[in-house]
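To start, the structure itself, in structure tokens.
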Amino acid sequence: MTEQTEYRELTSKEVTLKLDPKSFGFKSTQELEPLTEIVAQPRVVRALELGTGIRHPNYHIYLSGLIGTGRNELITHALRERILDDSIPDDWIYVNNFEEPDCPLAISLPAGQGIQFRSEMEALIEQLQESLPKAFKEEDFGKEKEKLRQIYRKRGEEVFDKLQKLAGQHELTVQQMPNGEILFIPLKDNRPMTQQEIEQLSPEEMQELESHQDELVGMAGRVLQEQREI
1 MTEQTEYREL TSKEVTLKLD PKSFGFKSTQ ELEPLTEIVA QPRVVRALEL GTGIRHPNYH
61 IYLSGLIGTG RNELITHALR ERILDDSIPD DWIYVNNFEE PDCPLAISLP AGQGIQFRSE
121 MEALIEQLQE SLPKAFKEED FGKEKEKLRQ IYRKRGEEVF DKLQKLAGQH ELTVQQMPNG
181 EILFIPLKDN RPMTQQEIEQ LSPEEMQELE SHQDELVGMA GRVLQEQREI
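In my numbering, the protein residues as written are 1 to 230.
Next up, the structure:
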């Protein structure tokens, strides 16, 4: 049979901790230097030191605990200590990626220049919003715009005429559709052939026609590009 241990109730004097102030070596806590280390569980402190020392992306630290247990103070202290031990990190800014708007571009700047860059960009935008509308309303701008339009229109006509001449050498004519598409129509007696006439061509004639059309496709692409620029 197992022997049972007897317990007795303690008195208040027995559970009261009494400390002799003379044993502390100081008269007031004002004489003491503030603590520099984290007062917490040693395992937590070691885990934070390890986690904050990892220099690779995609690593995270999760700190759990009851409300009021000093989690924020603990992690803040650990990060401050790490920052003091390391060099000052660079600033990182994100700018728009016009090719992939959902993937902004990250740019590294020397520490402190991120805020300066943002302020300067805001000032530049305000200046452009005020100056650009005025510039576009100037009479000289309107004249220059019309001059460029005439130059590009003439260039487009020259390229299109060149394409028409090349097509004529292969007994083809060029027709541009309202949507901008360019078609190469075979000629018969100096007139465009009808769809029925094209369908009546022999296999050899159809093969020759397709060969000439393929030869002019590259030139047509350049013509369309010229017109888009205009």
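Note that beta-carbon positions come from the ideal geometry of N, C-alpha and C, so glycine has one too. Predicted model, so just to flag it, every value in this text is computed and none were measured.
Distance, residue j Cα to residue i Cα
| i | j | result |
| --- | --- | --- |
| P104 | R118 | 16 angstroms |
| E199 | I182 | 20 angstroms |
| N96 | R191 | 54 angstroms |
| G25 | L17 | 18 angstroms |
| T11 | L19 | 18 angstroms |
| Q150 | G168 | 27 angstroms |
| L74 | A106 | 30 angstroms |
| H170 | L148 | 34 angstroms |
| V15 | E9 | 10 angstroms |
| Y152 | K143 | 15 angstroms |
| E126 | Q116 | 16 angstroms |
| I67 | R46 | 22 angstroms |
| N179 | G221 | 14 angstroms |
| E33 | G114 | 37 angstroms |
| Q155 | D161 | It is Arg, not Gln, that sits at residue 155 in the sequence shown. Approximately 10 angstroms, taken between the alpha carbons. |
Assumed close pair residue i, residue j - CB separation to whole angstroms, cut-off 8 angstroms
| i | j | result |
| --- | --- | --- |
| L216 | L163 | 7 angstroms |
| T52 | L79 | 6 angstroms |
Terminal residues of the beta strand (DSSP E) in which residue i lies
| i | result |
| --- | --- |
| T173 | L172 to Q176 |
Neighbourhood of residue i by C-beta, 7 angstroms cutoff - its chain only, sequence neighbours within 5 removed
| i | result |
| --- | --- |
| S108 | D90 and W92 |
| M219 | L163 and L166 |
| F141 | A135 |
| Q175 | L183 and I185 |
| E6 | none |
Which of helix, strand or coil DSSP assigns to residue i
| i | result |
| --- | --- |
| A106 | strand |
| K27 | coil |
| R82 | helix |
| K188 | strand |
| Y59 | coil |
| D140 | helix |
| I75 | helix |
| I182 | strand |
| I115 | helix |
| I54 | coil |
| Y94 | strand |
| Q41 | coil |
| G65 | coil |
| R8 | coil |
| P21 | helix |
| E33 | coil |
| G156 | helix |
| I88 | coil |
8 angstroms Cβ shell around residue i - same chain, five flanking residues per side excluded
| i | result |
| --- | --- |
| M193 | I185, P186 and L187 |
| P110 | D90 and D91 |
Start and end residues, alpha helix (DSSP H) containing residue i
| i | result |
| --- | --- |
| E199 | Q195 to E199 |
| K13 | S12 to V15 |
Close-in-space but distant-in-sequence residues of the same chain around residue i (CB under 6 angstroms, 5 per side omitted)
| i | result |
| --- | --- |
| L48 | A78 |
| I88 | A111 |
| I61 | G51 |
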